[in-house]
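S.K.: Take this structure, written in structure tokens, and hold onto it; I'll ask about it next.
Residue numbers (my numbering), protein chains in the order written: chain A, 1253 to 1748; chain B, 1253 to 1748.
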């Protein structure tokens, strides 16, 4: 990547990083394409294309010229965004330099092969067919963790998704969940409203998704909605915000799913454009990202005021009462608590226990305390202990999630941390925004979007995640507001 | 791009080129995405991403290590595919090295800006708004041509799309068209059947496109059909073949358009996998590519036997006779000859004259004989002379095509050459494949696909375009079979 002479070091650093960010955006686009429209037979080709992008980005982040630029910038004395940029780039570059290029390539290729194998193994409910790929991924994850100087191997993996957070921090927070949540889930499930009953015509759901997205701020000029087997969001760059959802006649998950993914997309879309084409121009961490999606899904999207505001239009979409019920039982149905086998189908009260299980298991895999071959049994035991559920088949158990298939160990905790953070941030938002409920009911989500932009989004990675959390909430990670929310559900109360 | 030591030069050359081919495939995917689903506001971001890919590919092709590898391979004595690869890479590398990186980047950025300006200018029917962008593109094209040692500047531009062909060759062939075609177009139009009358319901067209594509060999495992304002095909790599079409209630162009794009896609899909991830793994030239699309569109897709074979299913799609007419008048309607203002709406008899006009104009722009500001007038004069049509507005005239907006001068001739080559190749196919008409009527296109694979597709760029044409047809480029086809239409005969 070229570096112009005669300009100041900060400018040259940005010029160097710009093309690397272009490649990052392209990689994001490739994923979107793969999950939404790519023909199945293109898998091997795509794997090679992704490996090449990954290698180029890794080469760019480990090149000596980058270290020189950072040193020059430090010597010149950087402040403001430049200082933040130098800090973040040095952090990423230091991490990248510790990992040999061959290992990076091996991780990418094993991830691609593992994902392909997982799709087939899950379909065939055949853990044994997936076993060698998972063993390979675990071995590579250990090799990766060994590149870093950390207190425990899992710290190295977690840090990729949640910079600066330690396994011990997660353990502390999750201990609170482990202690209190199983009883709360039981109580909430007992008091829960009945599920909404379908079938819900797909055409009506599509119309409803359009109505909801228009309401919350999705515009076709800069947003794209796709369909994917597993909904996700993708931000290839400024002006190009993408989310996906999926439709089933059996449930209305398309509605909450699109609110969730919108929350992710909005975070990236509202980052200060001054940070474009730099590593600062992204969400601060995976947990903070998930806090934004959960805020829109759970605290907006399961609230009575929001649905009251959109109810007449929603009924129009369905040509009558959706699911045949009125507003209040409809919202109560969306808020139903009932432990499930499948994480992504679970309600926000039982959800974190799915994560606690995965956190336990992946730590044990990485330390070697648990052999991969014993994983399905450990999964069953964990589901019984934490959620009181018997797992009938691996397809509905250990094979349900894609993450381990492509080697993403350390990612899962951020889901539960995101829900916890969402509760913290929502509590502050309710204090600071005038009449949030009234605004939602009036269909005006602009004040919430503006508040989130000001407090969270615009900063990108300017602050480290822990610092941003303290800046927004006035304290560190705190399970309190989330547990308060869960206790409310256990007592039969709705509301955030 | 890494080059492993200790392996033979041919292997190392392939290892070097593989990642560059990955980038080429990625660039192809980016275009597909941009033309099918990308949100409009993502344009600037995408332009930068494309510029970065272009620069990386250019750097890869101009790196001294590549020259060293080629020299090593020559010294070791390459034969077969290795020799062909060395020849093609040296050709591309020699061309790339002549163009400064800054000019490459300027061309990409000006192309992106020009395309955006063109979209708005065409919509507003405002050539003046487009003028500065087009002037910039013409200036850059001249600068580009000046990088090469050629008899006339246009040779350098043409060579990018039709390697080895000279402007003088095109001039000779087009002189034949200019001499004979205006009269043939007039005669054919006079004898032509009436146009098919819509409206043709979009849903019925979608079903019909599915039927046609399934019939000719499109399978969802490795092909993707998208919708685009201007249909095109895209081949990001092995197993990932993409085509687009568009639907309008007014016409059945969706049907012929998807046959056309399938022809392009099939060419790439049937290239020998041994050439994957090398510059040999692509169609030999734009004219040869266009010959494959035109063969499926015109010589299969406008033939009575083909439609006879698919007629019952087609009528099912439309819930009755499509356009309310029987098979014979339906096919006669598809074959209607009538000069049009718009190139892409034109029939295969008047089509080449649209190209002759563009060929004249872009040569004059590049030499400077024609000022860009005088282009609209020259366009009107040309349409009057060649096709007897008065151009009412620039939107329906000089602003209709995208090519010049992104700086693609020298591309247009390949369209007409493709039609000419399609007629040559089809004549040989009819000789060599047993009972082509009977096979088409029986819905069996496999023999044609296999013949094309064997004669044309599998070779990729192993042979130079001129050599491949001689290999397939037994002679060079020859307007004879095409003129024979056009004379048939002028005499009121259908059939290839």
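Beta carbons: idealized from backbone N, C-alpha and C, even for Gly. Here the structure is a predicted model, which means the values were calculated and not measured.
(1) Buried or exposed for residue 1646 (chain B), going by 16 or more other Cβ atoms inside 10 Å?
(2) By the 9 Å beta-carbon criterion, what residues does the stretch 1485–1516 of chain A contribute toward chain B?
(3) Does the beta-carbon of residue 1254 (chain A) have 16 or more other beta-carbons within 10 angstroms, so that it is buried, or is it exposed?
(4) Over the uninterrupted alpha helix (DSSP H) stretch that includes residue 1488 (chain A), give me the two end residues.
(5) What residues from chain A crowd round residue 1267 (chain B), counting only those whose CB sits closer than 9 Å?
(6) Are the stretch 1664–1675 of chain B and the stretch 1420–1429 of chain B touching by the rule of at least three beta carbon pairs closer than 8 Å?
(7) In chain order, what residues of the same chain lie with their CB nearer than 7 Å to the CB of residue 1298 (chain A), ignoring the 5 residues before and after it?
(8) Excluding sequence positions up to five away, which residues of its chain have a Cβ less than 6 Å from the Cβ of residue 1440 (chain B)?
(9) Which residues in chain A have a C-beta closer than 9 Å to the C-beta of residue 1275 (chain B)? List them in chain order.
(10) Can you pull out the residues from the stretch 1281–1299 of chain B whose beta carbon lies closer than 9 Å to at least one beta carbon of chain A?
(11) Which residues in chain B sit within 8 Å of residue 1476 (chain A), going by Cβ to Cβ distance?
(12) Quick check: the Cα distance between residue 1648 (chain A) and residue 1593 (chain A), rounded to an integer number of angstroms?
(13) My output table needs one value for residue 1366 (chain B): the three-state DSSP class, helix, strand or coil.
(14) Does residue 1468 (chain A) come within less than 8 Å of chain B when only Cβ atoms are used?
(15) Are residue 1677 (chain A) and residue 1699 (chain A) close, meaning C-beta to C-beta below 8 Å?
(16) In this structure, how does DSSP classify residue 1477 (chain B) when only helix, strand and coil are distinguished?
(17) Please name the residue, chosen from B:1623, B:1564, B:1715, B:1558, that lies closest to residue 1687 (chain B) on a Cα-to-Cα basis.
(18) Looking at residue 1306 (chain B): is its Cβ nearer than 8 Å to the Cβ of residue 1356 (chain B)?
(19) Taking only the alpha-carbon atoms, compute the straight-line gap between residue 1331 (chain B) and residue 1527 (chain B) and give it to the nearest angstrom.
(20) Is it a yes or a no for the stretch 1648–1659 of chain A touching the stretch 1373–1382 of chain A, going by three-plus beta-carbon pairs under 8 Å?
(21) Going by CA-CA distance only, name the one from A:1420, A:1568, A:1494, A:1525 that's closest to residue 1665 (chain A).
(22) Helix, strand or coil: how does DSSP classify residue 1599 (chain B) here?
(23) Here's the rule: buried if 16 or more other CB atoms are within 10 angstroms of the residue's CB, otherwise exposed. What is residue 1264 (chain B)?
(24) Please look up how many angstroms separate the CB atoms of residue 1504 (chain A) and residue 1470 (chain A), rounded, as I've assumed it's under 8 Å.
(25) Please identify the residue among A:1338, A:1310, A:1311 whose C-alpha is closest to the C-alpha of residue 1322 (chain A).
(26) Mind pulling the chain B residues with CB within less than 7 Å of residue 1473 (chain A)?
(27) May I ask which residues mark the beginning and end of the beta strand (DSSP E) holding residue 1498 (chain A)?
(28) Which residue comes first and which comes last in the alpha helix (DSSP H) that contains residue 1729 (chain B)?
(29) What residue from B:1409, B:1663, B:1509, B:1489 has the CA that sits closest to residue 1276 (chain B)'s CA?
(30) Run through the stretch 1365–1438 of chain A for me and flag every whole alpha helix (DSSP H) of 4 or more residues, listed as ranges in chain order.
(31) For residue 1271 (chain B), which residues in chain A fall below 7 Å Cβ to Cβ?
(32) Measure the alpha-carbon distance for residue 1794 (chain A) versus residue 1625 (chain A) and round it to whole angstroms.
(33) List in chain order: all unbroken alpha helix (DSSP H) runs of 4+ residues lying wholly within the stretch 1268–1338 of chain A.
(34) Could you list which residues in chain B have their beta carbon closer than 9 Å to that of residue 1641 (chain A), in chain order?
(35) Relative to chain B, which residues along the stretch 1442–1462 of chain A have a C-beta separation below 8 Å, given in chain order?
(36) Could you tell me whether any Cβ in chain A is nearer than 8 Å to the Cβ of residue 1524 (chain B)?
M.R.: Let me spell this out:
(1) Mapped onto the second chain, residue 1646 (chain B) falls at position 394. Buried is the call here.
(2) 1488, 1489, 1490, 1491, 1492, 1493, 1494
(3) Position 2 of the first chain, counted from the first residue, corresponds to residue 1254 (chain A). At residue 1254 (chain A) the pLDDT is 47, less than 50, meaning the model places this residue with poor confidence; the figure from the coordinates comes in the next sentence. Exposed: under 16 other Cβ atoms inside 10 Å.
(4) The residue you call residue 1488 (chain A) lines up with position 236 of the first chain. Residue 1488 (chain A) -> not in any alpha helix (DSSP H); beta strand (DSSP E) instead, spanning 1485–1489.
(5) Looking up residue 1267 (chain B) in the second chain gives position 15. Under the 9 Å cutoff, chain A gives no residues; its nearest Cβ is about 12 Å from residue 1267 (chain B).
(6) yes
(7) To locate residue 1298 (chain A), count along the first chain from 1; it is residue 46. The residues are 1282, 1286, 1290.
(8) Taking the first residue of the second chain as position 1, residue 1440 (chain B) is located at position 188. Counting only Cβ-Cβ distances below 6 Å, and skipping sequence neighbours, we find 1589, 1601, 1741, 1742.
(9) The residue you call residue 1275 (chain B) lines up with position 23 of the second chain. Result: 1301, 1304, 1305, 1308.
(10) 1281, 1282, 1284, 1285, 1288, 1289, 1290, 1291, 1292, 1293, 1294, 1295, 1296, 1297, 1298
(11) Along the first chain, one-based indexing puts residue 1476 (chain A) at 224. Chain B residues near residue 1476 (chain A): 1289, 1290, 1291.
(12) The residue labelled residue 1648 (chain A) in the question sits at position 396 within the first chain. The residue labelled residue 1593 (chain A) in the question sits at position 341 within the first chain. Distance between the alpha carbons of residue 1648 (chain A) and residue 1593 (chain A) is about 6 Å.
(13) In the second chain, the residue the question calls residue 1366 (chain B) occupies position 114. Correct three-state label for residue 1366 (chain B): helix.
(14) Translated into positions along the first chain, residue 1468 (chain A) becomes position 216. No, residue 1468 (chain A) does not count as interfacial toward chain B.
(15) Position 425 of the first chain, counting from 1, holds the residue named residue 1677 (chain A). Position 447 of the first chain, counting from 1, holds the residue named residue 1699 (chain A). Cβ distance not < 8 Å, so residue 1677 (chain A) and residue 1699 (chain A) don't count as in contact.
(16) As a working mapping, residue 1477 (chain B) is identified with position 225 in the second chain. Strand.
(17) Along the second chain, read from residue 1 onward, the residue named residue 1687 (chain B) stands at position 435. The residue with the shortest Cα to Cα distance from residue 1687 (chain B) is B:1558.
(18) As a working mapping, residue 1306 (chain B) is identified with position 54 in the second chain. As a working mapping, residue 1356 (chain B) is identified with position 104 in the second chain. Contact flag set, yes.
(19) Taking the first residue of the second chain as position 1, residue 1331 (chain B) is located at position 79. Taking the first residue of the second chain as position 1, residue 1527 (chain B) is located at position 275. In a straight line, the C-alpha of residue 1331 (chain B) is about 15 Å away from that of residue 1527 (chain B).
(20) yes
(21) Along the first chain, one-based indexing puts residue 1665 (chain A) at 413. Out of A:1420, A:1568, A:1494, A:1525, A:1420 has the C-alpha closest to the C-alpha of residue 1665 (chain A).
(22) As a position in the second chain, residue 1599 (chain B) is number 347, starting the count at 1. Three-state DSSP puts residue 1599 (chain B) in coil, outside helix and strand.
(23) Counting from one through the second chain, the residue named residue 1264 (chain B) turns up at place 12. So residue 1264 (chain B) ends up on the buried side.
(24) Residue numbering aside, residue 1504 (chain A) sits at position 252 when the first chain is read from its first letter. Residue numbering aside, residue 1470 (chain A) sits at position 218 when the first chain is read from its first letter. The pair is not a contact, with the Cβ atoms about 18 Å apart (cut-off 8 Å).
(25) As a first step, residue 1322 (chain A) is located in the first chain; it is residue number 70 there, counting from the start. Out of A:1338, A:1310, A:1311, A:1338 has the C-alpha closest to the C-alpha of residue 1322 (chain A).
(26) The count along the first chain starts at 1 and reaches residue 1473 (chain A) at position 221. Ordered by position in chain B, the residues that pass the 7 Å Cβ test against residue 1473 (chain A) are 1291, 1292, 1293.
(27) Position 246 of the first chain, counted from the start, is the residue given in the question as residue 1498 (chain A). Residue 1498 (chain A) -> no beta strand (DSSP E), and no H or E assigned at all.
(28) One-based indexing of the second chain puts residue 1729 (chain B) at position 477. Segment: none, residue 1729 (chain B) is in no alpha helix (DSSP H) and carries neither H nor E.
(29) Mapped onto the second chain, residue 1276 (chain B) falls at position 24. The shortest Cα separation from residue 1276 (chain B) among B:1409, B:1663, B:1509, B:1489 belongs to B:1489.
(30) 1379–1397, 1405–1413
(31) As a working note, residue 1271 (chain B) is residue 19 in the second chain. The answer, in chain order, is 1304.
(32) Residue 1794 (chain A) lies beyond the range of chain A shown here (1253 to 1748); nothing can be said about it.
(33) 1295–1314, 1316–1328
(34) Indexing the first chain from 1 puts residue 1641 (chain A) at position 389. Neighbours of residue 1641 (chain A) on chain B: none; closest Cβ ~37 Å, over 9 Å.
(35) none
(36) Sequence index remark: in the second chain, residue 1524 (chain B) carries index 272 (1-based). So, not an interface residue.
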